[in-house]
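Asker: Here's a structure for you.
Protein chains: 2
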Amino acid sequence: MNIEEEIKQAVFRSPHQKAYINLVYTAGWVEQQQSMQFKPFGVSLPQYNVLRILRGQYPKPATVSMLIERMLDKTSNASRIVDKLVAKELVTRQQCPNDRRTVDVLITDKGLYLLKQMDELEGGKGTGITNLSDEEALQLSKLLDKVREKN
Amino acid sequence: MNIEEEIKQAVFRSPHQKAYINLVYTAGWVEQQQSMQFKPFGVSLPQYNVLRILRGQYPKPATVSMLIERMLDKTSNASRIVDKLVAKELVTRQQCPNDRRTVDVLITDKGLYLLKQMDELEGGKGTGITNLSDEEALQLSKLLDKVREKN
DNA sequence: AACGATTATGCCTCACAACAATTAAAACAG
DNA sequence: CTGTTTTAATTGTTGTGAGGCATAATCGTT
Chain X
15 MNIEEEIKQA
25 VFRSPHQKAY
35 INLVYTAGWV
45 EQQQSMQFKP
55 FGVSLPQYNV
65 LRILRGQYPK
75 PATVSMLIER
85 MLDKTSNASR
95 IVDKLVAKEL
105 VTRQQCPNDR
115 RTVDVLITDK
125 GLYLLKQMDE
135 LEGGKGTGIT
145 NLSDEEALQL
155 SKLLDKVREK
165 N
Chain G
15 MNIEEEIKQA
25 VFRSPHQKAY
35 INLVYTAGWV
45 EQQQSMQFKP
55 FGVSLPQYNV
65 LRILRGQYPK
75 PATVSMLIER
85 MLDKTSNASR
95 IVDKLVAKEL
105 VTRQQCPNDR
115 RTVDVLITDK
125 GLYLLKQMDE
135 LEGGKGTGIT
145 NLSDEEALQL
155 SKLLDKVREK
165 N
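Chains X and G supply the protein sequences, listed in that same order. All letters in the first sequence, in the order written, are residues 15 to 165 by my numbering. All letters in the second sequence, in the order written, are residues 15 to 165 by my numbering.
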């Protein structure tokens with residue numbers, strides 16, 4: 015369904031407005047898809063994002079401030095999200111010897127294994143992304159990169 | 015910044031995976047932009063979406079079940095979101111005479127005025143969408159529509 | 001009149017955002 | 001070295017929304 019029907023608004027002021035509303039709408043749509051897919055794994059989207067960052071670092075640990083920096087949602091409570099992950103034994107947290115203010119957060123084997131299972135989702139199977147051809151997928155990536163460009 | 019740098023992952027399994035992750039990432043990015051823009055107006059994103067639906071209906075009222083149907087997040091507590099909007103006097107709620115189970119939710123003048131002010135945001139000014147040309151914006155819309163297509 | 005279906009709320013738990021305050025340790029200035 | 005400032009992380013508090021379950025009122029049908 016195209017965006018006009020989807021939100022029952024027949025006309026937009028400009029291609030930009032149309033694309034913007036479409037992007038916002040699709041953003042919500044995607045997040046909903048994701049949260050449904052995540053449910054069986056027992057981790058929320060922010061938790062998943064933190065795990066991904068930690069895997070990117072592995073086997074080096076990350077500090078909480080590094081997590082915040084990478085987390086997209088800069089103002090978020092990274093500390094509490096790490097709490098949840100520790101409770102699930104997906105990460106460990108221990109004081110860093112060099113700088114005792116900071117904390118080394120490290121993904122565990124269990125965390126790595128969980129991510130490995132969840133990797134299957136990332137192809138986007140069953141999320142509609144496969145409706146696109148290869149070229150269309152690349153083009154979408156390019157356009158999204160451009161939207162996020164600093165101005 | 016392209017998505018590889020953004021999430022510090024150099025390689026993707028396929029154009030689809032890359033586009034999917036990019037879409038998820040950009041979805042979060044957009045929602046964050048939006049919530050920042052919404053803050054001065056004192057309404058959350060779900061509240062804003064409900065207001066938009068009500069304006070689309072205006073001057074006809076909407077029922078709660080109609081809101082849920084249109085709300086993208088079908089399982090959400092539409093009732094409570096309406097509560098918040100009533101508290102802010104942006105909508106009214108009154109029992110429908112024909113079917114007394116249902117409730118007529120109607121946007122108020124104050125609500126319409128608020129939306130009118132917020133319309134300025136919808137062009138996406140300052141959100142990066144203006145980085146695109148007109149053709150690119152249309153193409154993005156087309157690709158997003160395709161991603162959301164039922165399969 | 002009785003039954004089931006529909007519509008909306010209420011209650012409860014959980015997760016997260018946002019902001020403020022606090023603790024501890026490092027860095028720095030004198 | 002001492003005192004101040006800065007940085008890192010945690011904690012507390014409030015508000016919002018998701019998700020699930022239960023319930024009350026009403027409608028439609030039999």
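From the three backbone atoms N, C-alpha and C, an ideal C-beta is built for every residue, glycine too.
Please list the partners that asparagine 145 (chain G) has in chain X, where partner means a Cβ-to-Cβ separation under 7 angstroms.
Answerer: Against the second sequence, residue 145 (chain G) aligns to sequence position 131. Under the 7 angstroms cutoff, chain X gives Lys160, Val161, Glu163 and Asn165.
Asker: Skipping 5 residues on each side, what residues in its chain have a beta carbon closer than 7 angstroms to that of threonine 167 (chain X)?
Answerer: Any question about residue 167 (chain X) goes unanswered here, given that chain X covers just 15 to 165.
Asker: Check each candidate in X:Leu146, X:Val25, X:Trp43 and X:Val64 and name the one with the smallest Cα separation from leucine 128 (chain X).
Answerer: For this step, residue 128 (chain X) is matched to residue 114 along the first sequence. Cα-wise, what sits closest to leucine 128 (chain X) is X:Val64.
Asker: If you measure from the beta carbon of alanine 151 (chain G) to each beta carbon in chain X, is any gap under 8 angstroms?
Answerer: Within the second sequence, residue 151 (chain G) is the residue found at index 137, counting from 1. Chain X contact via Cβ: present.
Asker: Nearest chain G C-beta to methionine 15 (chain X) closer than 8 angstroms, yes or no?
Answerer: Looking up residue 15 (chain X) in the first sequence gives position 1. Judged by the 8 angstroms Cβ criterion, methionine 15 (chain X) is in contact with chain G.
Asker: Does threonine 141 (chain G) get closer than 8 angstroms to chain X when you measure Cβ to Cβ?
Answerer: As a position in the second sequence, residue 141 (chain G) is number 127, starting the count at 1. Yes, threonine 141 (chain G) counts as interfacial toward chain X.
Asker: Going by DSSP, name the residue or residues bridged to arginine 84 (chain G).
Answerer: Sequence index remark: in the second sequence, residue 84 (chain G) carries index 70 (1-based). Answer is none; arginine 84 (chain G) lacks a bridge partner.
Asker: Determine the direct distance from the alpha carbon of lysine 53 (chain G) to that of glutamine 46 (chain X), and round the result to whole angstroms.
Answerer: By 1-based counting over the first sequence, the position of residue 46 (chain X) is 32. By 1-based counting over the second sequence, the position of residue 53 (chain G) is 39. Approximately 22 angstroms, taken between the alpha carbons.
Asker: For the region 54-78 of chain G, list every residue whose C-beta sits within 7 angstroms of some C-beta in chain X, in sequence order.
Answerer: Gly70
Asker: Would you mind telling me which residues of chain G sit closer than 8 angstroms to glutamine 48 (chain X), beta carbon to beta carbon, in chain order?
Answerer: On the first sequence, position 34 is the one that residue 48 (chain X) refers to. Under the 8 angstroms cutoff, chain G gives Val38.
Asker: Which runs of the alpha helix (DSSP H) spanning at least 4 residues fall entirely within the region 35-106 of chain X, listed in chain order?
Answerer: 59-71, 78-84 and 92-101
Asker: Mapping DSSP to helix, strand and coil, what is leucine 3 (chain G)?
Answerer: An answer regarding residue 3 (chain G) cannot be provided, because it is not within the stretch 15 to 165 covered by chain G.
Asker: Determine, for glutamine 95 (chain X), whether the minimum Cβ-Cβ distance to residues of chain G falls below 8 angstroms.
Answerer: By one-based count along the first sequence, residue 95 (chain X) stands at place 81. The sequence shown places isoleucine at residue 95 (chain X), rather than the glutamine named in the question. It does not; no Cβ of chain G falls within 8 angstroms.
Asker: List the DSSP bridge partners of glutamine 108 (chain X).
Answerer: The sequence position of residue 108 (chain X) within the first sequence is 94, counting from 1. The partner list for glutamine 108 (chain X) (beta bridge, DSSP) reads X:Asp118.
Asker: Drop a sphere of 10 angstroms on the beta-carbon of asparagine 112 (chain G), count the other beta-carbons inside from all chains shown, and report buried for 16 or more, exposed for fewer.
Answerer: What you label residue 112 (chain G) is simply residue 98 of the second sequence in a count that begins at 1. By the neighbour-count rule (16 or more Cβ atoms within 10 Å), asparagine 112 (chain G) is not buried but exposed.
Asker: Smallest Cα separation from leucine 59 (chain G): which of G:Gln131, G:Met85 and G:Tyr39?
Answerer: Along the second sequence, read from residue 1 onward, the residue named residue 59 (chain G) stands at position 45. If we check each option's Cα against that of leucine 59 (chain G), G:Met85 comes out closest.
Asker: Do we get a CB-CB distance below 8 angstroms when we pair lysine 22 (chain G) with the residues of chain X?
Answerer: For the purposes of this step, residue 22 (chain G) is taken as residue 8 along the second sequence, with counting starting at 1. So yes, lysine 22 (chain G) belongs to the interface.
Asker: Closest by CA to isoleucine 35 (chain X), which one among G:Leu104, G:Gln31 and G:Arg66?
Answerer: As a first step, residue 35 (chain X) is located in the first sequence; it is residue number 21 there, counting from the start. Comparing Cα positions, the closest option is G:Arg66.
Asker: Just mark glycine 42 (chain X) as buried or exposed, buried being the case when its beta carbon has 16 or more other beta carbons within 10 Å.
Answerer: Reading the first sequence from its first residue, position 28 is the one you call residue 42 (chain X). Looking at its Cβ environment, which holds 16 or more other Cβ atoms inside 10 Å, glycine 42 (chain X) is buried.
Asker: Using a Cβ cut-off of 8 angstroms (strictly closer), state whether glycine 125 (chain G) contacts chain X.
Answerer: For the purposes of this step, residue 125 (chain G) is taken as residue 111 along the second sequence, with counting starting at 1. Glycine 125 (chain G) does not count as touching chain X.
Asker: Drop a sphere of 10 angstroms on the beta-carbon of glycine 56 (chain X), count the other beta-carbons inside from all chains shown, and report buried for 16 or more, exposed for fewer.
Answerer: For the purposes of this step, residue 56 (chain X) is taken as the residue at position 42 of the first sequence. Classification of glycine 56 (chain X): exposed, given that the 10 Å Cβ count is below 16.
Asker: Does DSSP put leucine 146 (chain X) in a helix, a strand or coil?
Answerer: Translated into the one-based positions of the first sequence, residue 146 (chain X) becomes position 132. If DSSP states are grouped into helix, strand and coil, leucine 146 (chain X) belongs with coil.
Asker: If contact means a Cβ-Cβ distance below 8 angstroms, which residues of the region 90-123 of chain G contact chain X?
Answerer: Along the region 90-123 of chain G, none of the residues has a CB nearer than 8 angstroms to a CB of chain X.
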